[in-house]
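Report on one structure; see the data block that follows.
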Amino acid sequence: MIREVGFVCDLCGRCCTREFNDHVFLLDYDVERIIEVAGREVLRPAPYYEFCDNLGRFYVMGYALRNKSNGDCIFYTMGRCDHYTDRPEICRIFPYMLHREEDDEGNLDWRQIGGLNQHGLYHGEVGVEKARKIAGNVKRYEVGK
């Protein structure tokens, strides 16, 4: 599917804006790395509640990047990412993610997210090795392996 879609980032930055995303969820290793390079102040609790206890208290798990007042990613400045080399894993795999439903044989299915033909280039050439690397990164992001 990765090779079929052929997504190639054209550095438009739209995925960094509120127009496309209102949050950037972070994995544990993203949090550690981002604290080292940008400090804790760029983090916030993940924006959606995971569960509520019997006293009505809501709980979240994990962290996300803070947003600027206009809703854009805190790292997005003048059309570019201030921390591109240290960007979170989700930014590295966008727009690919694993669909969490299994088929009859127990395989996870690919799906594309993000606005088709609204950012980046599609139907570009993605080599086998690059596609494997993207697939490995998506798997690590989604299932932690």
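Reminder that position 6 of the sequence shown reads as -13 in our numbering, one-by-one numbering, no gaps. Think of the CB as a built atom: it goes at the ideal place given N, C-alpha and C, for glycine as much as any other residue.
For Val124 and Arg156, the rounded distance between their alpha carbons: The structure shown does not extend to residue 156, since the chain is modelled only from -18 to 126, so the question has no answer here.
Counted within 10 angstroms of its Cβ, other Cβ atoms place Asp46 as buried (16 or more) or exposed: One-based indexing of the sequence shown puts residue 46 at position 65. The residue asked about is misnamed: residue 46 is Leu in this sequence, not Asp. Burial of Leu46 is indicated by the presence of at least 16 other C-beta atoms within 10 angstroms of its C-beta.
Bridge partner(s) assigned by DSSP for Met59: Residue mapping note: residue 59 aligns to position 78 of the sequence shown, counting from 1. In DSSP, Met59 forms no bridge with anything.
Sequence ranges, alpha helix (DSSP H) only - wholly within the segment -17 to 53, length at least 4: Within the segment -17 to 53, the runs of alpha helix (DSSP H) at least 4 residues long that lie entirely inside it are, in chain order, -17 to -14, 9 to 19.
Three-state class that DSSP yields for Tyr122 in the structure shown: Locating residue 122 in the sequence shown gives position 141, counting from the first residue. Here Tyr122 sits in helix by DSSP.
C-alpha distance - Met(-18) paired with Gly105, whole-angstrom precision: Looking up residue -18 in the sequence shown gives position 1. Looking up residue 105 in the sequence shown gives position 124. The straight-line gap from Cα to Cα measures roughly 13 Å.
Neighbour-count burial assignment, Cys(-4), 16 or more Cβ in a 10 Å radius: For the purposes of this step, residue -4 is identified with residue 15 of the sequence shown, where counting begins at 1. Of the residues assessed, Cys(-4) falls on the buried side of the cut-off, its CB having 16 or more other CB atoms within 10 angstroms.
Where Tyr128 sits in the DSSP three-state scheme: Any answer about residue 128 is impossible in this case: the structure gives the chain only from -18 up to 126.
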